[in-house]
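Presented below is the structure to which this report refers.
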Amino acid sequence: MKKINTVGLICLVLVTCGLYLACGCGSQGGTTAETATTSTSTSLTTTTSSTTTTTYNPLSGYQTPDEYFNASGAVAVASAARISGTGVDTLHAWETTTADDLVKFTADGSAESIIHGIGSGYYYSYPTIQVIETGPDGSLYIGLSYYITLNVNGSLESSAFFRIFPDTATVEVVDPDVTSIGSWSTYYSSYQGELPSKPIQFDADGNVYYLCSTGASSNILKKKTPAGVISQIGITNMVINNFLVCPNSFVLFQGSNSDYSAQWLRVITPSNNVSNIYYNSSGSSYGYLRSYYSAAYDGHPYVILVGTNLQTYIADSLRYISGVFKVKLDDTNGEPASLETVLDDNNMYSYSYGTIGEQLIYGYWDYTDGTWHRFFANDASGYIQLPLVVSAEASEASIRSYIRNKYKSTTLDTLDTVTFEGLTSTETPTYDWEKTSMAIAALNAVIGANIQGTTWSDWRAANGFSSGIYFGYAKQLLYNNGWLGAIIDKDGWAASGTMGDAILQVLTSTGQTSLEVFPQDSTRKDVSRARVYDYYVVYSAAAAGYYKLFRLDTNNAAGSPVDLTASKGNLEIYTFNYNSAARTVLANCYEMSTNSKKLYEISIDDAVVSSEVTAEGYSSFVDVVPFISSPEAVTETTTTTTSTTTTTAAETSTTTTTSTITTT
7 MKKINTVGLI CLVLVTCGLY LACGCGSQGG TTAETATTST STSLTTTTSS
57 TTTTTYNPLS GYQTPDEYFN ASGAVAVASA ARISGTGVDT LHAWETTTAD
107 DLVKFTADGS AESIIHGIGS GYYYSYPTIQ VIETGPDGSL YIGLSYYITL
157 NVNGSLESSA FFRIFPDTAT VEVVDPDVTS IGSWSTYYSS YQGELPSKPI
207 QFDADGNVYY LCSTGASSNI LKKKTPAGVI SQIGITNMVI NNFLVCPNSF
257 VLFQGSNSDY SAQWLRVITP SNNVSNIYYN SSGSSYGYLR SYYSAAYDGH
307 PYVILVGTNL QTYIADSLRY ISGVFKVKLD DTNGEPASLE TVLDDNNMYS
357 YSYGTIGEQL IYGYWDYTDG TWHRFFANDA SGYIQLPLVV SAEASEASIR
407 SYIRNKYKST TLDTLDTVTF EGLTSTETPT YDWEKTSMAI AALNAVIGAN
457 IQGTTWSDWR AANGFSSGIY FGYAKQLLYN NGWLGAIIDK DGWAASGTMG
507 DAILQVLTST GQTSLEVFPQ DSTRKDVSRA RVYDYYVVYS AAAAGYYKLF
557 RLDTNNAAGS PVDLTASKGN LEIYTFNYNS AARTVLANCY EMSTNSKKLY
607 EISIDDAVVS SEVTAEGYSS FVDVVPFISS PEAVTETTTT TTSTTTTTAA
657 ETSTTTTTST ITTT
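Here it is, written out as structure tokens:
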């Protein structure tokens, strides 16, 4: 098969499909009609009459799945958002991420819509395409936002979930009970990539999982085996918002009780054992889960959590966590086995007093029990005691741990030789209120003499972060195969807006904590959208409305961004996607120099625009998946006419039957 330039194919769709897509329904199935002629005679008079009878066909107007979705000859499929009209106003209109068409690209260079009929479903329009996905066997799965009604094996059947087989291009209804695929919190609303985005996923055994609504319930998670057995994960009085199938076939699913009395993230194993990763009831104050990811480090399953005030109960320990954490799962039953802090929002990244000595004197808020804790005791008048007395809720070890957590890296650490109990000032206080400043000075002197390096406060200042970093409220999160990144707004609310956004590495692909800041472009610093493709971060960034598309290497945090659109002038970049088979980025742009809408195909490795087309007819391509289908089927029609004449003394009857047989 010759190599197909995907953008060239998309170009053809954009230029030619506008009128084609509005043509209405395709061909309908044939029917059988009978014509009866009856003659009656007597010896006195002769009367001749002719009557034509057409039997009502309830399937008339309804297409078969094969007629509605014609994917024959496809080598790739894209979901796309159509626009009507031409010209700058239309091309420069608001960009949508809601797809209402499917486009197939063929080996001979042609492209056309897969959808060959409208008006035969629940709505008289194109359905919204929630998701397309290629299954493990190469099948194309299509999930719609509402159901359509089709002629399935001679019966009317409604569904929003379909499967196209690659070898035959035939179409089946995956689950006739599904009235909608996906929900508000899954695919298209997850614009910044925080939550698992696909409402259709697969495991290693070929099972398909799908988040859907049915006539009886909404936001439920179902599973269908290769043998066709359909089951539900969870129960009906759960509202499941999103889910993630892990490489070992564990399934993570996040949601709430139907009365919203609790919110949770759970894991279910292939043997149906269910465990809580976090569980927040209304009485314990709701937390905020920003995102979760599946990882495998050292051959064991992990869940990466990013959020604020999440209640965990792991290894008989109850904690509230805020920031980035790794939860190790038991290899067999999936139960949480351990919790590791990656970066804690409530500690070294939150707003805090200027010096470590001040923080030790004033204490900290503990989200676990919701109270303020102190490292050192006060006297009866409420002032700090001198010499220092370690409080009953602290210890020498906890003080050392707190101090060490304030450092990103150290060149000297002899804290184990220090005893904080009994530490005092070289000066004698005249008034009780002077004890506080003296204690702070004494602590800072001891800390400075026994631990040296770069504190997180120093690191934030050196990298332009005016305040603490809250990963739960990052501008965007990025994840791929164990590697975790984040985009943090460096300017904050009150700043001038000139510092832009920082792209950070948080975890390496092996799960090691490594907080590094990627270099910014010298002029385009405001990141509008980013995705991780293979080991590259691809992002669009702007300066006063002029955009570029850049590439960063996750294996080299010190490497400068590479301009993928270096050969182009002033652009607005609306959306972009990735063709993993061709290793090309598809960028949907408004090209100011030519006053036209363009679709660029860019080699992600070579950073070269390999082709560009004028993108009339579509505002964006939402998703692109490979799909190798059968060649176009050859259709043959055979017509057979049969006449039967019956004569009696009273009447003569002639019946003519015409049968039409269509074969492919």
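Residue 415 in the working numbering sits at position 409 of the sequence shown, and the numbers go up by one each step. Even glycine gets a Cβ: it sits at the ideal position worked out from N, Cα and C. Being a predicted model, the structure only gives us computed values, none of them experimental.
Q | Sequence-distant residues of its chain with Cβ nearer than 6 angstroms to Thr427 (five each side left out) | A | Reading off the sequence shown, one finds Glu at residue 427, where the question assumed Thr. If we look at Glu427 and ignore the five residues flanking it on each side, its Cβ neighbours are Val396.
Q | Nearest candidate by alpha-carbon position, reference Ser119, set Thr140, Val137, Ala84 and Tyr147 | A | Ala84
**Q.** Short Cβ contact (8 angstroms threshold) for Leu513 with Val333
**A.** no
Q.
Give me the DSSP bridge partner(s) of Thr461.
A. Tyr413
Q: Whole angstroms is fine: what's the gap from Ala391's alpha carbon to Val452's?
A: The identity of residue 391 in the sequence shown is Gln, whereas the question assumes Ala. Each residue's alpha carbon lies about 17 angstroms from the other.
Q. In whole angstroms, what separates the C-alpha of Ala445 from that of Ile274?
A. 52 angstroms
Q) Under the three-state reduction of DSSP, which class applies to Glu178: helix, strand or coil? A) strand
Q. For Ile457 versus Asp419, is the C-beta spacing smaller than 8 angstroms?
A. yes
Q: With Met444 as the anchor, note down where its alpha helix (DSSP H) starts and where it stops.
A: Glu440 to Asn456
Q. Based on the DSSP output, what are the partners of Tyr408 in its beta bridges?
A. Answer by DSSP bridge pairing: none, since Tyr408 is not bridged.
Q. Within 7 angstroms: the Cβ of Ile509 and any heavy atom of the ligand GDP?
A. Inclusion of the ligand GDP in the displayed structure is not the case, the ligand content being empty and no account of it being possible.
Q: Give the straight-line distance between the Cα atoms of Ala87 and Thr581, rounded to the nearest whole angstrom.
A: 11 angstroms
Q | Cut-off 6 angstroms between Cβ atoms - residues of its own chain near Asp629, not counting five sequence neighbours on either side | A | Ser85 and Ile138
Q: Tell whether a beta-carbon distance below 8 angstroms holds between Tyr596 and Glu578.
A: yes
Q: Kindly list the residues whose CB is nearer than 6 angstroms to the CB of Pro567, restricted to its own chain and excluding five residues on each side of it in sequence; keep chain order.
A: Asp527, Phe556 and Leu558
(Q) Are the CB atoms of Pro182 and Ser165 within a distance shorter than 8 angstroms? (A) yes
Q | Close Cβ partners of Asn487 (< 7 angstroms) along its chain, the five nearest in sequence each way excluded | A | Ser515
Q) Does DSSP put Glu341 in a helix, in a strand, or in coil? A) coil
Q. From Ser463 to Lys412, what does the alpha carbon distance come to, in whole angstroms?
A. 8 angstroms
Q) Hey, Thr442 and Leu394: beta-carbon distance below 8 angstroms or not? A) no
Q: Have a look at Asn11 and Ile608 and give me their C-alpha separation to the nearest angstrom.
A: At Asn11, the pLDDT of 41 sits below 50, so the modelled position is not reliable; the number obtained from the coordinates is stated separately. Using only the alpha carbons, I get a separation of about 11 angstroms.
**Q.** Simplified DSSP assignment, three categories, for Asp612
**A.** coil
Q: Tell me, please, which residues DSSP counts as bridged to Ser161.
A: Val158
Q. Residue range of the alpha helix (DSSP H) that Gly2 falls in?
A. Because residue 2 is not part of the residues shown, which for the chain are 7 to 670, the question remains open.
Q. Counting along the chain, where does the alpha helix (DSSP H) carrying Pro253 start and finish?
A. From DSSP, Pro253 is part of no alpha helix (DSSP H); its letter is neither H nor E.
Q | CB contact flag (Leu510, Ala536, <8 angstroms) | A | no
Q. Taking just the CA atoms, how far does Gly575 sit from Leu150?
A. 38 angstroms
(Q) Determine whether the beta carbon atoms of Gly340 and Phe256 lie at a separation below 8 angstroms. (A) yes
Q) Whose CA, out of Ala321, Ala508 and Thr434, lies closest to the CA of Asn469? A) Ala508
Q) Which two residues bound the contiguous beta strand (DSSP E) that contains Asp107? A) Asp107 to Thr112
Q | Buried or exposed by the 16-neighbour rule on C-beta atoms within 10 Å, applied to Leu97 | A | Here the model assigns Leu97 a pLDDT of 33, short of 50, so the residue's position is not dependable, and the following value carries that caveat. Leu97 should be labelled buried.
Q) For Thr423, which three-state DSSP category applies? A) helix
Q: Whole angstroms is fine: what's the gap from Tyr299's alpha carbon to Ala467's?
A: 30 angstroms
Q | C-beta contact flag for Val214 and Ile226 at 8 angstroms | A | no
Q | Validate contact between the region 162 to 178 and the region 66 to 77 using beta carbons, cut 8 angstroms, 3 pairs | A | yes
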